[in-house]
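Asks: Attaching a single structure in structure tokens format; questions to follow.
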Amino acid sequence: MATPMQPQQQQQRSLAPSPNPFKKPLLRLLLITMFCSLSYILGSYSNSSTFTLPQKQDRKLPHCLQLNFTTHNVLSPPLNFEPLHKIPLPQEPIKNLSFCSANFTNYLPCHDPYRERRFSVFRFSHRERHCPESDEKVRCLIPRPKGYKKPFPWPQSRDFAWFKNVPFKRLAQYKKAQNWVRLEGDKLVFPGGGTSFPKGVKGYIEEIKKVLPLKSGKIRTVLDVGCGVASFGAFLMDFNILTLSMAPRDVHEAQVQFALERGIPAMLGVLSTNRLPFPSRSFDMAHCSRCLVRWTEYDGLYLLEIDRVLRPGGYWVLSGPPINWRFNYKGWQREPKDLENEQMRLEDLARRLCWKKIAERGPFAVWQKPTNHLHCIQKIKTWKSPQFCTTPDPDAGWYKLMDLCITPLPNVKDTHEVSGGALENWPKRLNAVPPRVKSGAKEGISIKSFNEDNQLWRRRVSYYGVILKTLSDGKYRNIMDMNAGLGGFATAMDKYPVWVMNVIPSDAKTNTLGIVYERGLIGTYMNWCEAFSTYPRTYDLVHAHGVFSMYMDKCDFVDILLEIYRILRPQGAVIIRDHVDVVMKLKGITDQMRWNGQVLHTENGPFHAEKILLVDNSED
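Residues in the sequence shown are numbered from 89 upward in steps of one, following this note's numbering.
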């Protein structure tokens, strides 16, 4: 029998809390659903002007998938990371960087003629890179020449350039009889002549074609030493051959600047004391047309360096002294006996390198490097040849002294094998897996990661075409990739009429420049704390992926951006992709440089930490 409740118990019962309706699962679920739906509807309405979905779809996506949908057809507005305030706060005006004086118009920081006077002329070491120290760097914007015009587009630029863009008359006057370049009114005309081919480079190349398989795709990368105005490389493009023309800054003034103004790959460089800034086994062919290199002196050191950078089975083409000396000794103003002895020494040196002479035809001779060193090992001992190098890294090429030894080719088991692996002919070579990747020679780079990298850069370059509309208009010719990796960016850019200088920073964790060359592309080593070996205003587009994060604790961002400004043409563009914090810091500096930069999402959308700083000067 129930007992009656005491008054105190009744009071406690009446004070007990009533049940919380929000603890009921069904009610909570209903409220959350209503709230999310309302938020989604309001968000979709507010963003309808910048985000659209395809109007027709075979299958309707749930809302959760629609939120992650990415399209490259709609460009989001530039991002603004500045704080917003209801009350305007006082702001310091942006302090613009000043322009350098007019005498810096063609400034070469690491090839400065005034600086080179401090160094020895022995073996032309004064012509090598000699960069200013940190406290000597010029911190101003390099001005364009008075009367500068937008360069001719490719392929017209192969034959014409505006004189006021490269206002140097000496080469036109000094080489007038050899048809290097002519000044006609306000234009420079390049008729295709040269020291060894005054009647035209086309006929010269036609003669070489009778000896070498220029049309087959077997020869893709060529090094032209002492290039003049690069007419040889210009006309090899008719065979889909990519030539890197190289010459020092010398009395001919701006050979390399002429070449780049024409849209032909070129850079400043000289055979002196350091290795060339390329890996071993880079070029299918090397060429010298009266390049004034002393091939037989210093125990053949320079020919040993050419041997290092030539691929197995690669070709060396030489014209000028001493080749064909019997017919040319009077024009060269040389004694026949001296020229005969020089050719004998040259032939002997090539033989001791195990090179085979395959032709001497008119003005030129051709040698071929062996495809492996199996048959050379015993012969080298018999001929008292230079020894094989024992240095651990044949690919090292950044401020590395040349070695007086033969760079050994990778081991093979059979005399018919190609050391390091055979390459596909061009154009298959571009997308084929390079031998250095197949063999696993580079730690962390596999066939799978190589193919994934290709796909990644195709997607990225496709997106670049959306944010930089002028990319597909043929306005860009000379492209610089400051951190090329496996060459994926250059590969994806192959659909445009451009060439790419693929730079592998000397600070990179993995040296991949050999892989880049095995794809039929060209490039060089570089430390971006220094200036590049080129003239001002020589690149149309500069691409920098992760460069500034790499150099964050090594040198000042301002110096790197000023170098980009120096080498960029006035109507050029810059694409920098990096972490958002880095990009925002760079945006502040580019504002001081009078660049109209925009911060954009990458193709990965708004939730990715990587952003793009786009500078488009095409309307300037």
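Just so it is clear, CB atoms sit at the ideal spot from N, CA and C, and this is done for glycine as well.
Would you list the residues sitting across from residue 456 in a DSSP beta bridge?
Replies: 403, 444, per the DSSP bridge assignment.
Asks: Thinking C-alpha only, which one of 409, 436, 433, 653 is nearest residue 423?
Replies: With distances taken between Cα atoms, residue 423 lies closest to 409.
Asks: Classify residue 390: buried if its beta carbon has 16 or more other beta carbons within 10 angstroms, exposed otherwise.
Replies: Buried is the call here.
Asks: Comparing alpha-carbon positions, which option in 449, 471, 300, 419 lies nearest residue 441?
Replies: Nearest of 449, 471, 300, 419 to residue 441, Cα basis: 471.
Asks: Could you name each continuous alpha helix (DSSP H) segment of 4 residues or more that falls completely within the region 483–545, going from the start of the chain to the end?
Replies: Listed in chain order, they are 516–519, 523–526.
Asks: Can you list, in chain order, the residues of its chain whose CB lies under 8 Å from that of residue 274, leaving out five sequence neighbours each side?
Replies: Answer for residue 274: 250, 251, 252, listed in chain order.
Asks: Look at the alpha carbon of residue 307 and the alpha carbon of residue 512, and state the distance between them as a whole number of angstroms.
Replies: One C-alpha to the other measures close to 10 Å.
Asks: Is residue 698 helix, strand or coil by DSSP?
Replies: Here residue 698 sits in strand by DSSP.
Asks: Please classify residue 166: does DSSP put it in a helix, a strand, or coil?
Replies: Coil at residue 166, not helix or strand.
Asks: Less than 9 Å separating the beta-carbons of residue 613 and residue 196?
Replies: In this structure, residue 196 does not lie closer than 9 Å to residue 613 by Cβ.
Asks: Out of 671, 570, 566, which has the shortest C-alpha to C-alpha gap to residue 239?
Replies: The candidate whose alpha carbon is nearest that of residue 239 is 566.
Asks: Among residues of its own chain, excluding the 5 on either side of residue 586, which ones have a beta-carbon nearer than 7 Å to its beta-carbon?
Replies: Answer for residue 586: 564, 565, 567, listed in chain order.
Asks: How big is the Cα-Cα spacing for residue 637 and residue 579?
Replies: Going from the Cα of residue 637 to the Cα of residue 579 covers about 24 Å.
Asks: Once DSSP output is grouped into helix, strand and coil, what is the label at residue 667?
Replies: Residue state, collapsed to three classes: strand.
Asks: How about the region 531–542 and the region 679–695: do they share at least three Cβ pairs that are nearer than 8 Å?
Replies: No: fewer than three Cβ pairs fall under 8 Å.
Asks: Report the three-state DSSP secondary structure of residue 471 (helix, strand or coil).
Replies: Correct three-state label for residue 471: coil.
Asks: Measuring alpha carbon to alpha carbon, tell me which of 431, 464, 362 ends up nearest residue 400.
Replies: When each option's Cα is compared against that of residue 400, the closest is 464.
Asks: When you compare the CB positions of residue 388 and residue 437, do they come within less than 9 Å of one another, or not?
Replies: Yes, the pair counts as a contact, with Cβ atoms nearer than the cut-off.
Asks: Are there three or more Cβ pairs, one per stretch, closer than 8 Å when the region 189–204 is compared with the region 617–635?
Replies: As far as the Cβ criterion goes, the region 189–204 touches the region 617–635, which means the pair count is three or higher.
Asks: Assuming residue 707 is part of the beta strand (DSSP E), what are its boundary residues?
Replies: That residue, residue 707, is in no beta strand (DSSP E); it is neither H nor E in DSSP.
Asks: Of all the beta strand (DSSP E) runs that stay within the bounds of the region 281–340, which reach a length of 3 or more residues?
Replies: Within the region 281–340, the complete beta strand (DSSP E) runs of at least 3 residues are 309–313, 330–335.
Asks: Between the C-alpha atoms of residue 377 and residue 392, what's the straight-line distance to the nearest angstrom?
Replies: About 18 Å.
Asks: Indicate, with yes or no, if the ligand PLP has a heavy atom lying under 8 Å from the CB of residue 271.
Replies: Absence of the ligand PLP from the depicted structure is noted, as is the absence of any ligand whatsoever, leaving it without description.
Asks: Check each candidate in 654, 681, 198, 407 and name the one with the smallest Cα separation from residue 224.
Replies: Comparing Cα-Cα distances from residue 224 to each of 654, 681, 198, 407, the minimum goes to 198.
Asks: What residues are listed by DSSP as bridge partners for residue 373?
Replies: Bridge partners of residue 373: 310, 403.
Asks: With 16 as the cutoff for other CB atoms within 10 Å, does residue 370 come out buried or exposed?
Replies: That one is buried.
Asks: Count the other CB atoms within 10 Å of the CB of residue 421; is the residue buried (16 or more) or exposed (fewer)?
Replies: Exposed, by the Cβ-count rule.
Asks: State the Cα-Cα distance for the pair residue 398 and residue 405, rounded to the nearest angstrom.
Replies: Going by the C-alpha atoms only, they are around 12 Å apart.
Asks: Tell me, please, whether the region 303–321 touches the region 337–355 by the rule of three or more beta-carbon pairs shorter than 8 Å.
Replies: Yes, the region 303–321 is in contact with the region 337–355.
Asks: Just the C-alpha distance for residue 291 and residue 683, rounded to the nearest angstrom, thanks.
Replies: Those two C-alpha atoms are separated by around 46 Å.
Asks: Taking the alpha carbon of residue 604 as the reference point, which residue from 595, 576, 629, 582 has its own alpha carbon closest?
Replies: Of the candidates 595, 576, 629, 582, the one whose C-alpha sits nearest the C-alpha of residue 604 is 576.
Asks: Do the CB positions of residue 556 and residue 663 come within less than 9 Å of each other?
Replies: Their beta carbons are under 9 Å apart, which means residue 556 touches residue 663 by this criterion.
Asks: Tell me which same chain residues have a C-beta within less than 8 Å of the C-beta of residue 289, skipping the five on either side of it?
Replies: Answer for residue 289: 280, 281, 282, 319, 320, 322, 323, listed in chain order.
Asks: Decide if the region 547–562 is in contact with the region 512–527; the criterion is three or more beta carbon pairs, one per stretch, under 8 Å apart.
Replies: Output reads no: the region 512–527 does not touch the region 547–562.
Asks: Using DSSP's beta-bridge definition, name the partner residues of residue 591.
Replies: Paired residues: 612.
Asks: What does the Cβ neighbour count give for residue 227, buried or exposed, with the cut at 16 atoms within 10 Å?
Replies: It is exposed - the Cβ of residue 227 has fewer than 16 other Cβ atoms within 10 Å.
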